[in-house]
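Undergrad: Residue numbers (my numbering), protein chains in the order written: chain A, 21 to 448; chain B, 21 to 448. Before anything else, here's the structure in question.
Protein chains: 2
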Amino acid sequence: MSDEHNTQEPVMGTTRRGFLRQTAVAGASLVAGATAAQANSPDPLIVEQQDWAREFGDGVDAVPYGLPIRFESDVVRRNVEWLTADTTSSINFTPIHALDGTITPQGCAFERHHSGAIELSKADYRLMINGLVDTPLVFTYADLERFPRETRTYFLECAANTGMEWAGAQLNGAQFTHGMIHNMEYTGVMLSTLLKEAGVKPEGKWVLVEGADASSNGRSIPLEKIMDDCMIAFKANGEALRKEHGYPARLIVPGWEGNMWVKWVRRIEVGDQPWETREETSKYTDTLANGVSRKWTWVMDAKSVVTSPSPQAPITHGQGPLVITGLAWSGNGAITRVDVTTDGGKTWKEARLAAPGQKMALTRFYLDINWDGQEMLLQSRCHDETGYVQPTKDQLREVRGLNSIYHNNCIQTWWVKADGSAENVEVS
Amino acid sequence: MSDEHNTQEPVMGTTRRGFLRQTAVAGASLVAGATAAQANSPDPLIVEQQDWAREFGDGVDAVPYGLPIRFESDVVRRNVEWLTADTTSSINFTPIHALDGTITPQGCAFERHHSGAIELSKADYRLMINGLVDTPLVFTYADLERFPRETRTYFLECAANTGMEWAGAQLNGAQFTHGMIHNMEYTGVMLSTLLKEAGVKPEGKWVLVEGADASSNGRSIPLEKIMDDCMIAFKANGEALRKEHGYPARLIVPGWEGNMWVKWVRRIEVGDQPWETREETSKYTDTLANGVSRKWTWVMDAKSVVTSPSPQAPITHGQGPLVITGLAWSGNGAITRVDVTTDGGKTWKEARLAAPGQKMALTRFYLDINWDGQEMLLQSRCHDETGYVQPTKDQLREVRGLNSIYHNNCIQTWWVKADGSAENVEVS
Numbered sequence: 021m022s023d024e025h026n027t028q029e030p031v032m033g034t035t036r037r038g039f040l041r042q043t044a045v046a047g048a049s050l051v052a053g054a055t056a057a058q059a060n061s062p063d064p065l066i067v068e069q070q071d072w073a074r075e076f077g078d079g080v081d082a083v084p085y086g087l088p089i090r091f092e093s094d095v096v097r098r099n100v101e102w103l104t105a106d107t108t109s110s111i112n113f114t115p116i117h118a119l120d121g122t123i124t125p126q127g128c129a130f131e132r133h134h135s136g137a138i139e140l141s142k143a144d145y146r147l148m149i150n151g152l153v154d155t156p157l158v159f160t161y162a163d164l165e166r167f168p169r170e171t172r173t174y175f176l177e178c179a180a181n182t183g184m185e186w187a188g189a190q191l192n193g194a195q196f197t198h199g200m201i202h203n204m205e206y207t208g209v210m211l212s213t214l215l216k217e218a219g220v221k222p223e224g225k226w227v228l229v230e231g232a233d234a235s236s237n238g239r240s241i242p243l244e245k246i247m248d249d250c251m252i253a254f255k256a257n258g259e260a261l262r263k264e265h266g267y268p269a270r271l272i273v274p275g276w277e278g279n280m281w282v283k284w285v286r287r288i289e290v291g292d293q294p295w296e297t298r299e300e301t302s303k304y305t306d307t308l309a310n311g312v313s314r315k316w317t318w319v320m321d322a323k324s325v326v327t328s329p330s331p332q333a334p335i336t337h338g339q340g341p342l343v344i345t346g347l348a349w350s351g352n353g354a355i356t357r358v359d360v361t362t363d364g365g366k367t368w369k370e371a372r373l374a375a376p377g378q379k380m381a382l383t384r385f386y387l388d389i390n391w392d393g394q395e396m397l398l399q400s401r402c403h404d405e406t407g408y409v410q411p412t413k414d415q416l417r418e419v420r421g422l423n424s425i426y427h428n429n430c431i432q433t434w435w436v437k438a439d440g441s442a443e444n445v446e447v448s
Numbered sequence: 021m022s023d024e025h026n027t028q029e030p031v032m033g034t035t036r037r038g039f040l041r042q043t044a045v046a047g048a049s050l051v052a053g054a055t056a057a058q059a060n061s062p063d064p065l066i067v068e069q070q071d072w073a074r075e076f077g078d079g080v081d082a083v084p085y086g087l088p089i090r091f092e093s094d095v096v097r098r099n100v101e102w103l104t105a106d107t108t109s110s111i112n113f114t115p116i117h118a119l120d121g122t123i124t125p126q127g128c129a130f131e132r133h134h135s136g137a138i139e140l141s142k143a144d145y146r147l148m149i150n151g152l153v154d155t156p157l158v159f160t161y162a163d164l165e166r167f168p169r170e171t172r173t174y175f176l177e178c179a180a181n182t183g184m185e186w187a188g189a190q191l192n193g194a195q196f197t198h199g200m201i202h203n204m205e206y207t208g209v210m211l212s213t214l215l216k217e218a219g220v221k222p223e224g225k226w227v228l229v230e231g232a233d234a235s236s237n238g239r240s241i242p243l244e245k246i247m248d249d250c251m252i253a254f255k256a257n258g259e260a261l262r263k264e265h266g267y268p269a270r271l272i273v274p275g276w277e278g279n280m281w282v283k284w285v286r287r288i289e290v291g292d293q294p295w296e297t298r299e300e301t302s303k304y305t306d307t308l309a310n311g312v313s314r315k316w317t318w319v320m321d322a323k324s325v326v327t328s329p330s331p332q333a334p335i336t337h338g339q340g341p342l343v344i345t346g347l348a349w350s351g352n353g354a355i356t357r358v359d360v361t362t363d364g365g366k367t368w369k370e371a372r373l374a375a376p377g378q379k380m381a382l383t384r385f386y387l388d389i390n391w392d393g394q395e396m397l398l399q400s401r402c403h404d405e406t407g408y409v410q411p412t413k414d415q416l417r418e419v420r421g422l423n424s425i426y427h428n429n430c431i432q433t434w435w436v437k438a439d440g441s442a443e444n445v446e447v448s
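The structure is reproduced here in structure tokens:
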């Protein structure tokens, strides 16, 4: 496997051994004083090892529920103070620049609240289904647990993710440009199961979903989508939903914009037309160049981003072997391919997917290169199973103009400099 | 989908509506006073909803890295005080009775340490490869990050998981009988990649792996397994390994007993024969009835357990629709089928797998039944892709005797009583 990957991009030098020797020296240069000096002796390679522990570590009773080690205290979600007047109606961002794989732990997964994260117990929880149904119903949390369950992994992306890029390269870091996203394994009940219990009348074509928070965050969703794959989830990544992700139950709307994934979901009303709520008229519409707003733009189109190297994850080891990695996803199905360019789009190489793309879930990609130490214009471009290809920023602006803050799925560019640092830039 | 599942076990009563009405009443009986009284009015169904929040909740700056909501404070790993003299060389248990899906969050994932969980920074970390290699090498953490990466999901099970069952049904709860297991998405470097850099000599057939903790936890592993699928992992479920799971790097040995997954891995020595370390002679061998010990019993055979209902997850809703769920896994490949019995093995029904089985990873299964309120002898029995079928406790004892504490993969029985409570019992 390693052989296969190394042939993607020939390693500079003549031997496989050369790959590592180069690496060892560069790596050692990160550590202090005497060690670095030793590391620079070319031959024989240093055999300087870490010490064995001389003392016992923590016992298994130290932390009944653990947190990350203190060295990782920088890997946290972050909000941007200037973005909103108040943090109770605001956003924070997943530290995607520091993560790998595809799962997002709940503890560092992006949050967006319209009126803050409320505390709602299972005992107090109710889910009502009413409107154009044969029998209006109210479910307790215990009721939900008695229906057939499904477990499925999906990404959630905020419609405004990457929204600042419409106006040009502004935020310096993948966490801030693309971190309004997470990917979790959900367990819950298909909403179709619950609606069949209530019995949807033939004239029912839409549903209104509401949360129990003060904002309600009411949204209209076509019945067809609801009956297809929407879930009422009560677990994420195996455990209960966290408070900030909608404990004890939230709506899952696979592939569609995150604001529709109503948290603390309390009511589902069936109707024959959309409700045109505040959240789907004053917000979450995309105003085009001619002033007309696109409405009902629910699906998150195929998109990708290089998470490392990136402005918050610079190259610290100098030239030589370099892992380029990132994430790709599509609200229309599975990712089938990701290309990476280091020259701003002149030439592309096909990246390796960590696993075959799964529908409406994050896909991790890797490209192993031998960096020559020169500056790069680094981009990724994904393809999904519908044949759709992620557009450039210019292509997107040509169709959508510059007025929107939503649904920006353009190719992102990081300018990686010779010193390994990176900046968010635009290329034309 | 719901229809399909409901036909597995006909719902008592004549209509689909009957399913829910029964559920609603039973569910409501869990909540207090007035609500329960209302719920008992048979028709029309109550439309009692939770209140909307009248106040804002927490802002997005409340918790940069989140923990579970306070209502879930019971869902934690637990150690058993009497098991070992000291908690620094002991075990705690994943709360599998309270989880669903397949991913185990690091925060509540089972731990086993031989000399405590040590704190080791990335800067101090070194991985040495020596012995029968062309060039001994030492890698820094930064070096490891420059090799091609893989992302794969695997279970880790302690060899002693379910070990108390050899002597009969003893521990009352799936967390304690089967909770020495977790399942995470790992990102790291294939060990074959690193060993190829060092160049394994033709006479190299085994490796010794050691951790940086005081115990070292040295174990011999055949080179063939190491080159096949073993990894040096630095991420789990997307983020850095937690301290208690081997930060900054641990060994992954897919399908093999957990003690070989060396944490804080510091050295890999290539040799021509096994080392016969303390951890593979005095421990982790299986003494048979005749006093002879089985050695090199690395693979964790196919196994399953019902996680709910179970002693820590009793039925609280009375008769009617009931979700039976649990986990299955095999160190020899993918789970292909799980059967569930409610009558102690007289009759079996095939459970539904939440997703097709993946090699050496946990598989979630569900069986939706209509509980008649009578007592049950609940068991699950899994099959893996090799055709192996999980044995009964008697079958296993017949071959292995009673002397071992390791590799007990027998069928587990929960006696569910008419009041919904459950006990760990043996059936013959």
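Cβ coordinates follow ideal geometry from the N, Cα and C atoms, glycine included.
Along the segment 277–292 of chain A, what residues have a CB closer than 9 Å to any CB found in chain B?
TA: For the segment 277–292 of chain A, which is checked against every Cβ of chain B, the residues closer than 9 Å are Trp284, Arg286 and Arg287.
Undergrad: Tell me which same chain residues have a C-beta within less than 6 Å of the C-beta of cysteine 402 of chain B, skipping the five on either side of it?
TA: Ala322, Ser324, Ala348, Ile355, Val358 and Gln410, listed in sequence order.
Undergrad: Could you name the residues of the same chain whose beta carbon sits closer than 7 Å to that of serine 109 of chain A, not counting the 5 residues immediately before and after it, in chain order?
TA: Closer than 7 Å at Cβ, skipping near neighbours: His133, His134 and Ser135.
Undergrad: Counting only the same chain and skipping the five closest in sequence on each side, list residues whose C-beta sits under 8 Å from that of arginine 97 of chain A.
TA: Once the five neighbours on either side are set aside, the close Cβ partners of arginine 97 of chain A are Asn112, Phe113, Thr114, Pro115, Cys128, Ala129, Phe130, Glu131 and Gly199.
Undergrad: Does the pairing of the segment 203–221 of chain B with the segment 150–165 of chain B give three or more beta-carbon distances under 8 Å?
TA: Touching, yes.
Undergrad: May I ask you to list, following chain order, the residues of the segment 296–307 of chain B that have a beta carbon less than 9 Å from some beta carbon of chain A?
TA: Cβ contacts with chain A: none found.
Undergrad: Where do the N-terminal and C-terminal ends of the alpha helix (DSSP H) with threonine 433 of chain B fall, by residue?
TA: First-last for threonine 433 of chain B: undefined, no H or E at that position.
Undergrad: The segment 253–277 of chain B: which residues have C-beta closer than 9 Å to a C-beta of chain A, in chain order?
TA: The segment 253–277 of chain B vs chain A, Cβ under 9 Å: Phe254, Lys255, Ala256, Asn257, Gly258, Glu259, Ala260, Leu261, Arg262, Lys263, Glu264, His265, Tyr267 and Pro268.
Undergrad: Is the Cβ of threonine 383 of chain B closer than 8 Å to any Cβ of chain A?
TA: No, because no Cβ of chain A sits closer than 8 Å to the Cβ of threonine 383 of chain B.
Undergrad: Is there a Cβ of chain B sitting closer than 8 Å to that of valine 95 of chain A, yes or no?
TA: So, interface residue.
Undergrad: Could you tell me the alpha carbon to alpha carbon distance between valine 83 of chain B and alanine 180 of chain A, rounded to whole angstroms?
TA: Using only the alpha carbons, I get a separation of about 22 Å.
Undergrad: Return the residue from the list B/Tyr206, B/Pro242 and B/Glu264 that minimises the CA-CA distance to alanine 232 of chain B.
TA: Residue B/Glu264 is the option with its Cα nearest to alanine 232 of chain B.
Undergrad: Just how far apart, CA to CA, sit glycine 193 of chain B and threonine 327 of chain B?
TA: Using only the alpha carbons, I get a separation of about 9 Å.
Undergrad: Let me know the secondary structure DSSP gives isoleucine 246 of chain B once reduced to three states.
TA: Of the three classes helix, strand and coil, the one that applies to isoleucine 246 of chain B here is helix, per DSSP.
Undergrad: Report all residues from its chain with a CB closer than 7 Å to the CB of glutamate 217 of chain B; omit the five preceding and five following residues, and keep chain order.
TA: So the qualifying residues of the chain are Leu157.
Undergrad: Among residues of its own chain, excluding the 5 on either side of aspartate 437 of chain A, which ones have a beta-carbon nearer than 7 Å to its beta-carbon?
TA: For clarity, residue 437 of chain A is lysine in the given sequence; the question names aspartate instead. So the list reads Glu395, once near-sequence residues are dropped.
Undergrad: State whether the segment 162–180 of chain A contacts the segment 278–285 of chain A, with contact taken as three or more CB pairs (one from each stretch) at a distance under 8 Å.
TA: In short, these stretches touch, since the Cβ pair count reaches three.
Undergrad: Which bits of chain A does isoleucine 246 of chain B rub up against, with CB to CB less than 8 Å?
TA: Per Cβ cutoff of 8 Å: no residues; isoleucine 246 of chain B is ~13 Å from chain A at best.
Undergrad: Can the beta-carbon of glutamine 399 of chain B be found closer than 8 Å to that of glutamine 378 of chain B?
TA: Contact flag unset, no.
Undergrad: Consider the Cβ of isoleucine 201 of chain A: report whether some Cβ of chain B lies at a distance smaller than 8 Å.
TA: It does not: the Cβ of isoleucine 201 of chain A has no partner Cβ on chain B nearer than 8 Å.
Undergrad: If you measure from the beta carbon of valine 220 of chain A to each beta carbon in chain B, is any gap under 8 Å?
TA: No - not a single Cβ of chain B is within 8 Å of the one on valine 220 of chain A.
Undergrad: Could you run through the segment 159–174 of chain A and flag, in chain order, every residue whose CB is less than 9 Å away from some CB of chain B?
TA: Listed by position, the residues of the segment 159–174 of chain A near chain B (Cβ gap below 9 Å) are Phe159, Thr160, Tyr161, Ala162, Asp163, Leu164, Glu165, Arg166, Phe167, Pro168, Arg169, Glu170, Thr171, Arg172 and Thr173.
Undergrad: Taking C-beta pairs closer than 9 Å, name the residues in chain A that histidine 117 of chain B reaches, listed in chain order.
TA: Near histidine 117 of chain B there are no residues of chain A at all, since even the closest Cβ is about 12 Å away, more than 9 Å.
Undergrad: For phenylalanine 130 of chain A, which of helix, strand or coil comes out of DSSP?
TA: It is coil, neither helix nor strand.
Undergrad: Here's a check: name, in chain order, each residue in its chain whose Cβ is nearer than 7 Å to the Cβ of methionine 210 of chain A, leaving out the five neighbours to either side.
TA: Here the set comprises Glu170 and Met251.
Undergrad: Under the three-state reduction of DSSP, which class applies to methionine 204 of chain B: helix, strand or coil?
TA: Here methionine 204 of chain B sits in strand by DSSP.
Undergrad: Would you please verify whether the beta carbon of serine 141 of chain B is less than 8 Å from any beta carbon of chain A?
TA: Chain A, which has a Cβ nearer than 8 Å to the Cβ of serine 141 of chain B, makes this yes.
Undergrad: Nearest-angstrom Cα distance between glutamate 446 of chain B and glycine 188 of chain B?
TA: Their Cα atoms are separated by approximately 7 Å.
Undergrad: Given that asparagine 99 of chain A touches chain B, what residues does it touch there, using C-beta distances under 7 Å?
TA: Residues of chain B passing the Cβ test: Val80 and Asp81.
Undergrad: Starting from arginine 286 of chain B, trace the alpha helix (DSSP H) in both directions and tell me its first and last residue.
TA: Segment 285–291 is the beta strand (DSSP E) holding arginine 286 of chain B; no alpha helix (DSSP H) there.
Undergrad: Under 6 Å Cβ to Cβ from proline 274 of chain B, same chain only, skipping five residues before and after it: list those, please.
TA: Hits under 6 Å: Tyr174, Asp249 and Met380.
Undergrad: Alpha carbon to alpha carbon, how far is alanine 253 of chain A from proline 168 of chain A? Give it in angstroms, no decimals.
TA: Roughly 12 Å between the two C-alpha positions.
Undergrad: As a quick exercise: from A/Leu416, A/Tyr85, A/Thr362 and A/Pro376, pick the residue whose alpha carbon is nearest that of leucine 387 of chain A.
TA: Nearest C-alpha to leucine 387 of chain A: A/Thr362.
Undergrad: Which residue from B/Lys303, B/Ile246 and B/Leu261 puts its Cα closest to that of asparagine 237 of chain B?
TA: Checked all of B/Lys303, B/Ile246 and B/Leu261; the closest Cα to asparagine 237 of chain B is B/Lys303.
Undergrad: Could you name the residues of the segment 334–350 of chain A whose beta carbon sits closer than 9 Å to any beta carbon of chain B, in the order they occur along the chain?
TA: Hits within the stretch, in order: Thr336, His337, Gly340, Pro341, Leu342, Val343 and Thr345.
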